[in-house]
Amino acid sequence: MSVGEAVESEPRRRGPRFARFGVILVAVIALLFGVPWATLVWSGNDWPPVLLAGGSLVFLVLAAGFPWLMFRGHGGHRDRESRIADTLLGVVWVLFVWSLIGQAAGLVLLALGVDDPLRSRLVTAFVVVVSAGLLAWGHHEAMRVSRVREVDVTIPRLGPGLDGLRVALITDTHYGPINRARWSRGVTEVVNSLDADIVAHTGDIADGLVEQRLEMAAPLADIRARFARVYVTGNHEYHSGAQGWVEHMEQLGWETLHNRHIVVTRGGDSLVVAGVDDRTAGGSGLPGHRTDHEAALAGADPGLPVLLLAHQPQQIKDAVAHGIDLQLSGHTHGGQMWPFHYLVLTDQPSLQGLSRHSERTQLYTSRGTGFWGPPFRIFAPSEITLLTLRATRPA
């Protein structure tokens with residue numbers, strides 16, 4: 064095939080894919096904005112014509128502007144547009160969910176003999192009040208410094224000298240378009256209060272390039288650990304200059320476990336602490352970035368227990384195949400905004416907490432320390448995790 068044929072055939076291969084994406088995007092936006100519009104504006108509310116027209120226009124403008132704001136903001140690393148798009152996404156998601164619930168409640172009112180416009184106006188009031196309350200509470204939950212979640216994990220192969228080893232886990236900090244430098248300093252203070260032996264960050268450190276997020280990332284340099292501070296990349300690094308973040312974390316004094324491991328020894332017993340790149344790294348085009356468990360464990364004593372950092376819970380399949388004792392992950396945010404967790408579980412084997420995946424291998428999935436995109440957390444609180452490793456189960 065000639066060069067000309069290759070160039071000509073590329074649009075034909077990409078065209079249907081882009082067309083499908085466009086159709087899906089329009090359908091999703093139509094649903095997200097259309098259901099709240101139908102519930103709050105149209106439906107059987109019987110609003111005066113000026114309110115009906117004005118409300119319809121507002122929803123139309125927001126729906127039309129949303130994709131532009133999202134692509135311009137996150138695609139172009141423009142913080143103002145990102146903040147508007149993210150907030151709008153959170154608001155419309157909550158309105159969409161509670162509009163559906165409100166419509167179901169409307170059917171109950173219909174069965175009870177309540178007619179329109181009273182029925183629809185009761186539904187509208189219910190949706191507005193509940194949504195406003197959840198958004199206010201969810202924003203507070205997203206912006207507050209995370210609570211500490213303490214978990215004991217028994218690792219049978221752990222030597223007695225390492226019994227009680229304390230591992231502090233932060234993940235999904237997502238330093239982004241909202242300046243959270245103060246929040247970042249608060250997280251550092253909490254982590255330092257835990258007196259951890261190892262502090263781990265399992266990726267999605269930021270949405271933005273290093274130079275954009277220097278102030279928010281700076282407190283990471285002050286985090287203290289007795290033996291090691293370790294970090295692996297998440298999928299969002301591969302939209303935010305992953306190699307720059309790898310190098311910056313090293314400059315801040317962290318061990319970047321870029322498909323490699325270190326060994327921690329205490330009381331005569333040792334633990335392999337390994338890390339692999341995110342599962343999306345291989346498609347990033349960055350030289351040397353890929354998920355490589357063999358490289359991460361190369362040279363490690365097979366008789367030693369292994370603590371593995373891997374951003375996504377889905378990477379547990381390879382952890383089981385390589386005899387890992389405990390994998391630490393994030394990525395899911397615990398769903399972040401209910402009921403989004405049902406969609407997360409279609410892609411990931413665990414939403415949050417400790418789970419077992421083979422006779423040897425366990426997985427701990429954090430709900431995340433920060434948040435992505437919409438500045439809301441609804442029924443999915445953030446966490447800073449303190450894992451205490453046990454050689455035997457406490458009596």
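In terms of the numbering used here, the sequence shown opens at residue 64 and continues consecutively. Just so you know, even glycine gets a beta-carbon here, dropped at the ideal spot from N, CA and C. No experiment lies behind these values; they were computed from the predicted model shown.
| Check | Outcome |
| --- | --- |
| Assigned secondary structure, Gln390 (DSSP; H/G/I helix, E/B strand, else coil) | strand |
| For Ser413 and Arg453, the rounded distance between their alpha carbons | 22 Å |
| Cβ-based burial, His311 [other Cβ within 10 Å; buried from 16] | buried |
| Sufficient close CB pairs (3 or more, under 8 Å) joining the region 245 to 252 to the region 216 to 225 | no |
| Distance, Ala168 Cα to Phe189 Cα | 9 Å |
| Ala269 versus Val98: straight-line alpha-carbon distance, rounded | 32 Å |
| CB contact flag (Ala474, Thr354, <8 Å) | This structure does not reach residue 474, given that the chain is present from 64 up to 458, and the question cannot be answered. |
| Close-in-space but distant-in-sequence residues of the same chain around Glu73 (CB under 7 Å, 5 per side omitted) | Per-residue confidence for Glu73 stands at a pLDDT of 38, beneath the threshold of 50, marking its modelled position as unreliable; the derived number appears in the next sentence. Counting only Cβ-Cβ distances below 7 Å, and skipping sequence neighbours, we find nothing. |
| Proximity test, Asn108 beta-carbon vs the ligand ADP heavy atom, cut-off 7 Å | Looking at this structure, you won't find the ligand ADP or any other ligand, since it has none at all. |
| Coarse secondary structure for Gly338, derived from DSSP in three states | strand |
| Distance between Thr150 and Pro438 (C-alpha atoms, nearest Å) | 6 Å |
| Three CB pairs or more closer than 8 Å across the region 417 to 430 and the region 188 to 206 | no |
| Proximity to Phe403 [Cα-Cα], best of Ile441, Thr319, Asn322, Leu103 | Ile441 |
| Under the three-state DSSP convention, the category Asp149 falls into | helix |
| Proximity to Ile379 [Cα-Cα], best of Val124, Leu367, Gly393 | Gly393 |
| Length of the line joining the Cα atoms of Gln399 and Asp235 | 11 Å |
| Boundaries (first-last residue) of the beta strand (DSSP E) holding Glu213 | 210 to 217 |
| Inter-stretch contact at 8 Å, needing at least 3 Cβ pairs: the region 300 to 317 / the region 258 to 272 | yes |
| For Gly348, the nearest candidate out of Leu181, Tyr301, Arg276 (CA to CA) | Tyr301 |
| First through last residue of the alpha helix (DSSP H) which encompasses Ala199 | 181 to 206 |
| Given 8 Å, three or more beta-carbon pairs between the region 323 to 332 and the region 272 to 291 | yes |
| Within the region 363 to 447, ranges of the beta strand (DSSP E) (whole runs, at least 3 residues) | 369 to 372, 389 to 392, 416 to 419, 425 to 428 |
| Exposure label - Thr428; buried when at least 16 CB within 10 Å | buried |
| Inter-residue spacing [alpha-carbon to alpha-carbon] between Arg83 and Asp410 | 21 Å |
| Those residues which DSSP pairs with Tyr294 across a bridge | His264, Thr319 |
| Neighbourhood of Pro195 by C-beta, 7 Å cutoff - its chain only, sequence neighbours within 5 removed | The question names Pro, but residue 195 in the sequence shown is Ala. Once the five neighbours on either side are set aside, Ala195 has no close Cβ partner at all. |
| Coarse secondary structure for Arg229, derived from DSSP in three states | strand |
| Closest Cα partner of Leu389 within the set Tyr405, Asn242, Leu417 | Leu417 |
| Pro112: first and last residue of the uninterrupted alpha helix (DSSP H) it sits in | 112 to 139 |
| Within 8 Å, strictly: CB atoms of Thr395 and Asp340 | no |
| Sequence-distant residues of its chain with Cβ nearer than 6 Å to Ser145 (five each side left out) | Gly136, His137, Pro240 |
| Extent of the continuous alpha helix (DSSP H) to which Thr354 belongs | Thr354 -> no alpha helix (DSSP H), and no H or E assigned at all. |
| For Ser333, the three-state DSSP class (helix, strand or coil) | strand |
| Span of the alpha helix (DSSP H), counted from its first residue to its last, around Gly176 | Taken as a continuous stretch (DSSP letters only), Gly176 belongs to no alpha helix (DSSP H), as it is neither H nor E. |
| Under 8 Å between C-beta atoms of Val230 and Ala263 | yes |
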